[in-house]
Structure formats: structure tokens, C-alpha cells
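Worksheet: one structure, shown below.
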Amino acid sequence: AGALLEDPGLHISVAVDLTERKQAEEALRAADRRKDEFLATLAHELRNPLAPIRSGLELLAQPGLDAPTAARARAILERQVSHMVRLVDDLLDVSRISHGQVPLRRSRVALAGVLHGALETSRPALEAAGHALVLELPPQPLWVDGDEVRLAQVFANLLNNAARYTPRGGTVRLSLVAEGRQAVVRVQDDGEGIPGHMLGRVFDLFVQVEPSPQRQGGLGLGLALVRNLVQMHGGEVRADSAGPGHGSVFTVRLPLAPGAAAALPAPAAAS
Ligand code: ADP
179 AGALLEDPGL HISVAVDLTE RKQAEEALRA ADRRKDEFLA TLAHELRNPL APIRSGLELL
239 AQPGLDAPTA ARARAILERQ VSHMVRLVDD LLDVSRISHG QVPLRRSRVA LAGVLHGALE
299 TSRPALEAAG HALVLELPPQ PLWVDGDEVR LAQVFANLLN NAARYTPRGG TVRLSLVAEG
359 RQAVVRVQDD GEGIPGHMLG RVFDLFVQVE PSPQRQGGLG LGLALVRNLV QMHGGEVRAD
419 SAGPGHGSVF TVRLPLAPGA AAALPAPAAA S
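Under the UniProt record's numbering, think of the first position of the sequence shown as 179, with each following residue one higher.
If you want it as C-alpha cells, here you go:
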């Protein structure tokens, strides 16, 4: 009788195993598809700059080259090579971060300075797209304990995305406020926006809302890097959007440095 009683349980556990295995297999297949898409995108992204690089080199090789043409050729080479360097750096970063090999060089940093640094990096992209930039900083300095270079990378990534995913002549807003014991940085654009079902997923590795080789995008690495770096700083990041065509807001919350936070006046209205 004991064996009979155990039987149903046995069947159930076999059934559960099968469902779990099916789910695991489906997850593996989805991961495989993402990897394939990623490799295709990677190949295109690395291939794309090569044609302009070749024509830049051909320009430079012209006999009797005049100075303006030489300058134009050098500008093309500079831009395209920087783009490739950024891609490869991101790839290396993602691989190092996922192996926990990115040490933070922490110090007490003023976030306004970090934001100015990020803006310096992103200004060419914002200007090239003819976007207006609105910068809103609080009157008092806000301090965090963190890696100045990595934090600037976080905000430069968000600003570059805002520049890329907003049609020409948009407005990009960068703001910093203190809310309670947190510093809150928002990067807001009035561009493409993000569909609701993708808001939680855009931070996953290799995820792009509309992957396409023609798209002026990257590799789906940037936001994964952003989330990793923000979490390494004890913070969090989220994306909000009222949907396609209605712009996006990326909100980064970082813990204010302990001593420095105490010196702040109590927030009037922490939302
Ligand atoms: P990449 O930009 O290289 O594709 P990211 O990880 O930076 O990779 O972004 C992932 C995806 O999230 C992008 O492909 C894009 O579809 C979407 N996205 C990111 N930032 C924005 C933004 N500001 N507005 C609209 N979509 C965005």
C-alpha cells in the first residue's frame, strides 16, 4: 500500500521535471537566438565604419591633396575610429564586469562635476543631432562615494542614447536633485520612447527594442553596463516612457555620501 501511495507523487514529480526541462530548453533557445542576433549586429557594427575609413584613406592618398580635403578625411577617420574604439571598449567592459573584474576607484565625488564630464563626452552626439540640452542642477553640491570615471560613463551612455533615439531637433533634459538620502539623476528625451513591455528588458544584455543592422544603434550593451555600474554603486536605475513617440526618462538613484547627506536640508517633497 505504501508503494501505491507514493506513486501519484512520483508521477507528479516526473511531470514537473518535464515542464521544467521544457522551460529550460526554451530559455536556452531564446538565449541562443539572442546570441545569434548579437553576433549579426556585432559584425555589422564593426563592418559599418570600415567603408568610410577606406574612403578617408583614399582621400588622403590623392596626389596634390589640398588642406581642406585632408582635414575632412582626417575628421572622417577620427570619428569612425573613435566609434570602433567605443564598441570594443564596451565589449571588453561587459565581459570584465560579468566576471566581476571591474574594480571601482572610489572617492568622494560631486555629482555636478560628473555630469559635466558626461556632457563633454556626449556633446558631439547631441550637437550633431541638433538637440537642445536643458541642464538642471541643485544650488548645493551633492556628494556620492563612487568612481568618477565610471559614473561619468553611466550618464554619458544615457545621454548618447537620448541623442540617438530622438529625432533631429529634440530636447534632452539632464537633471540632478536630492530626494531623501539619495541623489537622483534623470535623463529625459522627447524621442522614440520605449514600448511598455520593453521597459524592464532594455537593461538586459544584447536587448534592443528594434534590432536592425540599418538602425543607428549599437550592440545592446550600453544599458546593461549602466545597470551593472549603478548597482555596483549601491544604486538603481529604471526606465519610464509613455510609449512609442512619447520620449523616455531614465532615472538613476545613488546613495548620497553619509556625512555629506546629513548636511543637507530635509527634502521638501520627496517623490
Ligand atoms: P544600444 O543602444 O547599443 O542598442 P543599449 O543597451 O544602450 O543598446 O539600449 C538598449 C535598447 O534600448 C536600444 O537598442 C533602444 O532600443 C532602447 N533605448 C535605449 N535608450 C533609449 C531612449 N533614450 N529612447 C528610446 N529607446 C531607447
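C-beta atoms are modelled at their ideal positions from N, C-alpha and C, and glycine is treated no differently.
CB contact flag (residue i, residue j, <8 Å)
i           : j           : result
residue 244 : residue 282 : no
residue 288 : residue 319 : yes
residue 323 : residue 344 : no
residue 350 : residue 309 : yes
residue 216 : residue 352 : no
residue 387 : residue 335 : no
residue 417 : residue 426 : yes
Identity of the residues DSSP links to residue i by a beta bridge
i           : result
residue 324 : 285
residue 353 : 314 and 364
residue 414 : 431
residue 419 : 426
Same chain only: Cβ atoms within 6 Å of residue i, ignoring 5 sequence neighbours per side
i           : result
residue 363 : 354 and 430
residue 338 : 300 and 303
residue 268 : 399
residue 346 : 307 and 308
residue 314 : 353
Inter-residue Cα distance where the pair is residue i and residue j
i           : j           : result
residue 230 : residue 296 : 27 Å
residue 392 : residue 375 : Note that residue 392 scores a pLDDT of 48, beneath 50, so its modelled location is shaky and nothing firm can be said.
residue 249 : residue 235 : 12 Å
residue 437 : residue 358 : 14 Å
residue 413 : residue 239 : 51 Å
residue 424 : residue 278 : 36 Å
residue 255 : residue 232 : 9 Å
residue 372 : residue 242 : 50 Å
residue 342 : residue 264 : 15 Å
Cβ shell of residue i (< 7 Å), same chain only, five flanking positions each side left out
i           : result
residue 406 : 275
residue 348 : 309, 367, 368 and 369
residue 382 : 402
Coarse secondary structure for residue i, derived from DSSP in three states
i           : result
residue 268 : helix
residue 428 : strand
residue 392 : Caution is warranted here: a pLDDT of 48 is assigned to residue 392, below 50, making its placement in the model unreliable, and the coordinate value is therefore given only provisionally. The answer is coil: DSSP assigns residue 392 none of H, G, I, E or B.
residue 235 : helix
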